[in-house]
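For the sequence shown, the working numbering begins at 115 and goes up steadily by one. C-beta atoms are modelled at their ideal positions from N, C-alpha and C, and glycine is treated no differently. All values reported here derive from a predicted model rather than from experimental measurement.
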Amino acid sequence: MAEMTREAMEYDVVIVGAGPAGLSAAIRLKQLDADLNVVVLEKGSEVGAHILSGAVLDPCGLDALLPDWRDMGSPIKTPVTADNFYMLGEGGKIRIPNWPMPPLMNNHGKYIVSMANVCRWMAEVAEGLGVEIFPGMSCSALVYGDKGEVKGVVAGEMGLASDGTPGPNYEPGMELHGKYVFLSEGVRGSLAKEVIAKYDLSKGKEPQKFGLGMKEIWEIDPAKHKLGTVTHTMGWPLGSNAGGGSFIYHIEGNQVYVGFVVHLNYQNPHLYPYMEFQRFKHHPMVAELLKGGKRVAYGARAISEGGYQSMPKMVAPGVALLGCSVGMVNVPRIKGNHNAMLSGKAAAEAAFAAIGEGRASDELAAYEAEVRGGAIAADLKKVRNVKPLWSKFGLIASLMGGGFDMWTNTFGFSLFGTLSHGKTDAAATGKARDFAPIAYPRPDGVLSFDRLTNVAFSFTNHEESQPCHLHLKDASIPIAVNLPEYAEPAQRYCPAGVYEVVTEDGKDPRFVINFQNCVHCKTCDIKDPSQNINWTTPQGGDGPNYPNM
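Quick look at the structure:
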């Protein structure tokens, strides 16, 4: 298979991933030179299929890319009208006033959006400029040149049998070569992970940190709907068990986006992030909002949380990492799409200049310099200590110390300097014997739901005859190591019920991977304490198919 001869197509720039970073890069390249040949490859069945709706968008990235976006028929229609922050207890809440918060936390001038629809619209803009966009095209491998540079990707390989050999309908795919390759796969993309390891791009950087974000879309009673309202919470139900919090955004059509984030550096391996989310919805404030409504979609995704000090080097020969492939989320703001757009724009400008100088397949140092010296770094540097303060000292300390640090950074200095993150999220996992199991209430089927029922609302689909895209480095570790040492946390940290330990009378326990359930969140690749699971991209079009809301 490795020596197979494939047809090849040549482009100026090959972009992997039709998210906000990749599409911004494509648009900017064609703005700069309409004759550049640019292709975008998207593994989802359509643009937006793998992006669950619901975000608050800072429009600064879009303002820089498409200054006239307000007059271009964009789906960005709902400005934030109210901004609420609560600390929750099990039965009550305390409103945190807005006035002590640093200016950067203000959502005035921001918009509640479906990023899936924003990306669908951006794809239309890109195609109108002449960009070629191919959905349903997973990029399964990188193509390297004679000097070790990245010169392209393999895309569109289909029809492998479950054992990895070509099946009767096998299609070998194509090689798409570019003077430069942009990887905008989102968090923990398989190709970006390979590039970071191959070129040692994380050398001298803090380990990347992650959260697991789970989200449901609800249609609620119109009498309870408050268009443009943004609500964030911290505290219950997580308490001291884990960092994280929630968001509730009121969007058009009497819909609300209900989301819950659990930081993946939690210690107790008995923690069940999905059930923490389901329990959250039974808080009186949330239950009253959702009562009489119905859930219409569910999904989950890992979120990069390491920020400024965890961003790896972004360039290697022939390749650049964009957006969440680097990790550009501003954690306290819960925003990263604006930085993704700015990164795509910066990468495009660097590639345009390089191609104009007759260069190809080298390092786009100008892109790296712009990210680390421009608006993205300015945004992330101000909040760089919030996450490590939370990890080291807990919620209250992070609110006070992190808030103080954000205020001082507003004036250009920090008394903390730049704090380190320490361990990876996998290494933070403690031994099961040192923690008490957590009893979770059974889902009621009205406000809370079991995982498999909810996964059906992600509309995920995988061809069952294809190879499993979740690879164990050592098949014995789940039962021999993870089960006795960590109570095999894969059973709980996966928000889609992919992993289970099956016990039968008279037989040894066995580890089962139900890869058909996978919603591509990448949590297993991140949190497995033995780092034994490698998420790889399945064939094109497979995975979630989030509705066009």
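Counting only residues of its own chain and dropping the five nearest sequence neighbours on each side, His634 has a CB closer than 7 Å to the CB of His164, Gly657, Pro658. Taking 8 Å as the cut-off, the Cβ atoms of Arg120 and Gly287 count as close.
Shown here, Arg498 sits in coil according to DSSP, grouped into three states, outside any helix or strand. Contact between Ile129 and Leu155 holds, with the beta-carbon distance rounding to 7 Å and staying under 8 Å. Judged by DSSP in its simplified three-state form, Trp350 adopts coil rather than helix or strand. For Ala163, the three-state secondary structure derived from DSSP is coil. At the C-beta level, Val295 and Val245 stay beyond 8 Å of one another.
When the Cα atoms are used, Gly437 and Ala356 turn out to be separated by approximately 26 Å. Per the coordinates, the alpha-carbon of Ala240 lies some 52 Å from the alpha-carbon of Thr617. As DSSP reads the structure, Gln369 sits in a beta bridge with Glu333, Ile365. For Lys641, the enclosing alpha helix (DSSP H) stretches over residues 637 to 641.
DSSP, read as helix, strand or coil, puts Thr543 in coil.
Taken in chain order, the complete beta strand (DSSP E) segments of 3 or more residues contained in the stretch 116 to 204 are 122 to 130, 152 to 156, 169 to 171, 196 to 202.
Taking every protein chain shown into account, the CB of Arg606 has 16 or more other CB atoms within 10 angstroms, so this residue is buried.
Here the alpha carbons of Leu494 and Gly420 stand approximately 10 Å from one another. Asp172 sits buried, since 16 or more C-beta atoms from the chains shown fall within 10 Å of its C-beta. In the DSSP assignment, Leu290 falls within the beta strand (DSSP E) that extends over 288 to 297.
Annotation: the continuous beta strand (DSSP E) that includes Met272 extends over 272 to 274. Three or more Cβ pairs closer than 8 Å define a contact, and the stretch 372 to 386 meets that threshold against the stretch 323 to 334. In the three-state reduction of the DSSP assignment, Lys408 falls in the strand class. Nearest C-alpha to Gly175 among Lys207, Leu137, Pro598: Leu137. Less than 8 Å divides the Cβ of Leu533 from the Cβ of Asn499. Beta bridge pairing from DSSP links Cys253 with Ala269.
With fewer than 16 other CB atoms across the displayed protein chains lying within 10 angstroms of its CB, Trp213 is exposed.
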